[in-house]
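Notes follow once the structure below has been shown.
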Amino acid sequence: MDLPEWGISAEWGPLMLKLILCLSLPLYILDQWSKNWIVAHFDLHGREQEVIQGTFWLHHIANRGVAFGMFNGTQYANYVFTVVSLSALAFLIWGSRTNLFPGKLSRLAVALLVSGIFGNLTDRLFRREDDGVLFGGGFLKGYVVDFLRFDFGFPPFNPWPSFNVADSCVVVAAVMLAIASFVEAPPVKKKA
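Numbering-wise (our numbering), the sequence shown opens with residue 5 and increments by one.
Structure (structure tokens):
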């Protein structure tokens with residue numbers, strides 16, 4: 005049975021709603037809470053707090069680029085990456101309508117992607133540029149707060165570029181989608 009107004013299979017909708025409410029929303033809240041905690045306790049590009057000696061630090065970095073700081077400081081980065089984020093969300097909606105994500109693993113990955121995309125998009129749209137306060141004014145002038153830094157002492161992990169909870173969701177989702185592409189059966193088209 006399909007939901008014709010959305011083109012979504014009957015089983016897809018309830019499962020995705022559960023995943024969004026039980027996984028995406030809590031991870032989004034954790035992402036925003038952790039970023040706000042960092043903004044409140046660490047000066048931008050200031051001191052680092054070593055958590056695990058020689059391996060793991062907390063700090064406050066402004067990422068105006070994409071993952072791992074690529075394209076950081078580009079003049080139109082927020083506009084471009086906002087469009088990229090919205091396009092990714094549109095692709096996920098389209099993918100759900102066309103049953104592109106047929107199994108539980110790919111649907112779980114979609115829920116992680118939703119969390120990660122919204123987490124970093126919120127920063128780009130609403131975080132104040134000078135001090136990182138969320139909803140402090142200045143639409144589309146913000147930056148993504150990165151605060152987790154690891155150094156495992158060998159390439160390419162010395163140090164690994166700083167990241168946040170939303171970035172982690174996106175990376176884990178990408179790995180899950182890659183695995184799902186091999187283990188999940190493609191949707192079977194029904195004959196009319």
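Every residue gets a Cβ at the ideal spot worked out from N, C-alpha and C, and that includes glycine.
As the structure is a computational prediction, the values presented were derived from the model and not from experiment.
What residue from Gly146, Met20 and Ala115 has the CA that sits closest to Met180's CA? Shortest Cα-Cα distance from Met180 to any of Gly146, Met20 and Ala115 involves Ala115.
What is the DSSP secondary structure of His45, reduced to helix, strand or coil? Secondary structure at His45: helix, using DSSP grouped into helix, strand and coil.
To the nearest angstrom, report how far apart Thr102 and Ala170 are at their CA atoms. Between Thr102 and Ala170, the C-alpha separation is close to 26 Å.
With C-beta atoms as the reference, is Ile65 less than 8 Å away from Ser89? In this structure, Ser89 does not lie closer than 8 Å to Ile65 by Cβ.
In whole angstroms, give me the CA-to-CA distance for Val118 and Gly157. C-alpha separation (whole angstroms): 32 Å.
Could you tell me whether the Cβ atoms of Phe85 and Arg128 are closer together than 8 Å? In this structure, Phe85 places its C-beta atom within 8 Å of the C-beta atom of Arg128.
Candidates Leu112, Asn162, Leu31 and Leu104, of which the one nearest Thr59 by Cα: The shortest Cα separation from Thr59 among Leu112, Asn162, Leu31 and Leu104 belongs to Asn162.
Of all the options Phe130, Ser172, Leu152 and Arg153, which has the alpha carbon lying nearest to the alpha carbon of Gly142? Restricting attention to Phe130, Ser172, Leu152 and Arg153, the CA atom closest to the CA of Gly142 is found in Phe130.
Using a Cβ-Cβ cutoff of less than 6 Å, which residues in the same chain neighbour Gly123 once the five nearest sequence positions on both sides are dropped? The answer, listed in chain order, is Tyr32, Asp35 and Ala170.
Identify, in the order they occur along the chain, each residue of the same chain with its Cβ nearer than 8 Å to the Cβ of Ser38, setting aside the five sequence neighbours on each side. If we look at Ser38 and ignore the five residues flanking it on each side, its Cβ neighbours are Phe151, Asn168 and Val169.
Residue ranges of each beta strand (DSSP E) within the region 44-132, 3 or longer: Listed in chain order, they are 53-56 and 60-67.
Rounded to whole angstroms, what's the CA-CA distance from His45 to Leu112? Just pull it up for me. Answer to the nearest angstrom: the Cα atoms are 33 Å apart.
Which of the three DSSP states is assigned to Asp171 in this structure? DSSP places Asp171 within a helical segment (H, G or I) once states are collapsed to three.
State yes or no: is the C-beta of Leu109 within less than 8 Å of the C-beta of Ala178? The answer is no: Cβ separation not under 8 Å.
Suppose contacts are defined by Cβ-Cβ distances below 8 Å. Is Glu188 in contact with Gly99 by that definition? No, these two residues do not count as a Cβ contact at 8 Å.
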